[in-house]
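For reference, the structure is listed below as structure tokens.
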Amino acid sequence: MAQELNITQILEEYGQYYEKNGQNLTRLKKAFMQPSETLGHATKMVTDDTIFKLANNIFNPVLQAFQKSFTPKGAVEFIPNPIELRPMKIDYKFFPTDIESSWLGFLGGDSSRTIENWPIVKYMLEQYLVEQAIEDKELNEVYKGVWEEPREGVPGLSGKSMDGLRKQLLDGADHPTYAINIVEGIGELNEDTIFDQLEMYDKQISELYTGKRLIHFVAQKWVRAFKSAKRANGYYFIDSADKINASIDFTQHVVVGLPSMNGTKDIFTTMTENMLHLRKRDLDKVHVDLQKHDREIKFLIHWWEAVGFGCNKLVWTTDATVNAARGNAAPPVPEEPESTEQP
22 MAQELNITQI LEEYGQYYEK NGQNLTRLKK AFMQPSETLG HATKMVTDDT
72 IFKLANNIFN PVLQAFQKSF TPKGAVEFIP NPIELRPMKI DYKFFPTDIE
122 SSWLGFLGGD SSRTIENWPI VKYMLEQYLV EQAIEDKELN EVYKGVWEEP
172 REGVPGLSGK SMDGLRKQLL DGADHPTYAI NIVEGIGELN EDTIFDQLEM
222 YDKQISELYT GKRLIHFVAQ KWVRAFKSAK RANGYYFIDS ADKINASIDF
272 TQHVVVGLPS MNGTKDIFTT MTENMLHLRK RDLDKVHVDL QKHDREIKFL
322 IHWWEAVGFG CNKLVWTTDA TVNAARGNAA PPVPEEPEST EQP
């Protein structure tokens with residue numbers, strides 16, 4: 022296991038002593054960290070339940086021609102749709118005193134501060150733990166995550182803290198009575214054919230939703246490829262690339278790239294109202310349990326969270342996406358039959 026706080030290279034380069042030389046937080050530079058983008062397209066809900074219970078309904082037709090006899094017609098069936106929240110946590114420990122005799126000593130404290138109030142403690146919480154957890158969740162959990170029972174006493178693996186949206190798509194596709202909508206014949210997304218694939222995919226969604234704001238979610242590279250295809254086709258009179266958008270023409274539908282889907286050829290569609298982000302207590306109010314034992318600082322943070330879909334019938338995906346979630350190869354795109362007409 023890596024050291025909780027490794028400053029070996031700092032000591033080797035700058036010496037094993039602290040020298041006050043104007044250094045401050047602006048000297049600590051870090052790479053871009055991925056913010057939470059996927060959940061920005063979801064409807065946030067706070068609940069006290071660990072299983073958020075929803076129901077979907079099936080309505081059968083009721084309208085009929087008039088006659089004097091009473092001829093009842095119609096049926097309603099309610100289908101349970103529970104979304105299970107999972108507990109997740111952050112556990113971290115380190116010795117703040119490790120930095121005192123180093124260039125990083127400016128993050129230490131003076132005689133008026135107890136060790137838990139040193140700047141390094143706040144830095145570790147805000148700049149490392151919080152931002153890293155947000156990145157971990159976006160890249161490993163909210164789409165690709167598959168929850169797995171942790172082994173007691175062993176740190177959990179990345180991507181195993183919750184059931185992400187890809188798992189929800191697979192479960193929805195396999196639902197015996199109320200499955201999500203599966204669009205066939207699109208195949209895996211391909212940069213050379215992405216424009217036609219997305220238009221073909223969109224046309225297989227019922228015209229009932231043409232005027233509704235549906236979002237086709239894909240990895241970020243596919244949005245760029247889609248826009249590039251729009252430009253290459255020359256269908257638009259534009260004076261700058263900024264005017265090329267990712268909308269599906271003649272609809273209210275739009276293609277959105279998610280960092281959480283990067284590395285996949287998946288696509289799924291729903292609306293913001295139907296994609297739910299559930300939290301047990303507001304994450305802004307999650308309690309940080311900071312403990313000091315001798316000279317060691319520990320952070321203990323935990324909360325419950327889940328993502329899911331409110332109604333399966335407001336979700337679309339492709340058979341290729343479902344097959345990829347199952348670990349199977351995508352079906353080939355059917356070829357057009359050769360013409361048998363004689364010239």
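Residue numbers (my numbering): 22 to 364. Just so it is clear, CB atoms sit at the ideal spot from N, CA and C, and this is done for glycine as well. These figures come from a predicted structure and were not determined experimentally.
Using the C-alpha atoms, what's the distance from Gln218 back to Glu356?
Note that Glu356 scores a pLDDT of 49, beneath 50, so its modelled location is shaky and nothing firm can be said.
Tell me the rounded alpha-carbon separation between Trp324 and Thr71.
11 Å
To the nearest angstrom, how far is the alpha carbon of Val277 from that of Pro117?
43 Å
Whole angstroms are fine: how far does the CA of Lys233 sit from the CA of Glu162?
28 Å
Which term fits Thr47, buried or exposed, when burial requires 16 or more other beta carbons within 10 angstroms of its beta carbon?
exposed
How many angstroms separate the CA atom of Glu25 from the CA atom of Glu137?
16 Å
In or out: Phe247 buried (at least 16 other Cβ within 10 Å) or exposed?
buried
Check whether the Cβ atoms of Leu150 and Phe320 lie closer than 9 Å to each other.
yes
Would you call the CB atoms of Thr198 and Asp287 closer than 9 Å?
no
Can you tell which of Lys188, Gln153, Ala345, Phe271 has the C-alpha that lies nearest to the C-alpha of Lys51?
Gln153
Three-state secondary structure assigned by DSSP to Phe247
helix
Which same chain residues end up closer than 7 Å to Trp243 when comparing Cβ atoms and leaving out the 5 residues on each side of it in sequence?
Leu210, Ile215, Gly278
In the stretch 163–244, which residue ranges form an unbroken beta strand (DSSP E) of at least 3 residues, counting only runs that do not cross its ends?
202–204, 236–240
Please say whether Leu75 and Pro101 have beta carbons closer to each other than 9 Å?
yes
I'd like the list of long-range same chain contacts for Phe238, defined as Cβ closer than 6 Å, with 5 residues on each side in sequence excluded.
Val277, Leu279, Phe289
Taking the alpha carbon of His308 as the point to measure from, which residue in Gln85, Asn45, Leu60, Leu146 has its own alpha carbon closest?
Leu146
Nearest-angstrom Cβ-Cβ length linking Leu235 and His274, presumed shorter than 8 Å:
5 Å
Straight-line Cα distance separating Thr29 from Arg187
40 Å
Quick test of your reading: Asn77 and Cys332, contact by CB under 8 Å. State the CB separation rounded to the nearest angstrom.
5 Å
Could you tell me the distance, in whole angstroms, from the CA atom of Arg172 to the CA atom of Lys181?
12 Å
Helix, strand or coil for Pro56? Go by DSSP, reduced to three states.
coil
Spatial distance of Glu326 from Lys110 (CA atoms):
10 Å
Between the C-alpha atoms of Gln148 and Asp112, what's the straight-line distance to the nearest angstrom?
15 Å
Please determine, among His298, Gln225, Thr339, Lys94, the residue with the shortest C-alpha to C-alpha distance to Val67.
His298
Chain-order list of residues whose beta-carbon lies under 6 Å from that of Gly130 (same chain, five-residue window excluded)
Trp139
I want to check one thing, is the minimum distance from the CB of Met145 to the heavy atoms of the ligand HEM below 8 Å?
Looking for the ligand HEM in the displayed structure turns up nothing, as the structure carries no ligands at all.
Mind checking Glu212: buried by the 16 CB within 10 Å criterion, or exposed?
exposed
Buried/exposed call for Pro358, threshold 16 Cβ in 10 Å
A caution first: Pro358 carries a pLDDT of 44, below 50, which makes its placement in the model unreliable, though a value can still be read off. Under this definition Pro358 is an exposed residue.
Measure from the alpha carbon of Trp337 to the alpha carbon of each residue in Gln312, Arg316, Val167, Leu190, then state which is nearest.
Leu190
Would you give the residue range spanned by the alpha helix (DSSP H) that Asn344 belongs to?
340–347
Straight-line gap, Asp119 to Lys158 (C-alpha atoms, nearest Å):
30 Å
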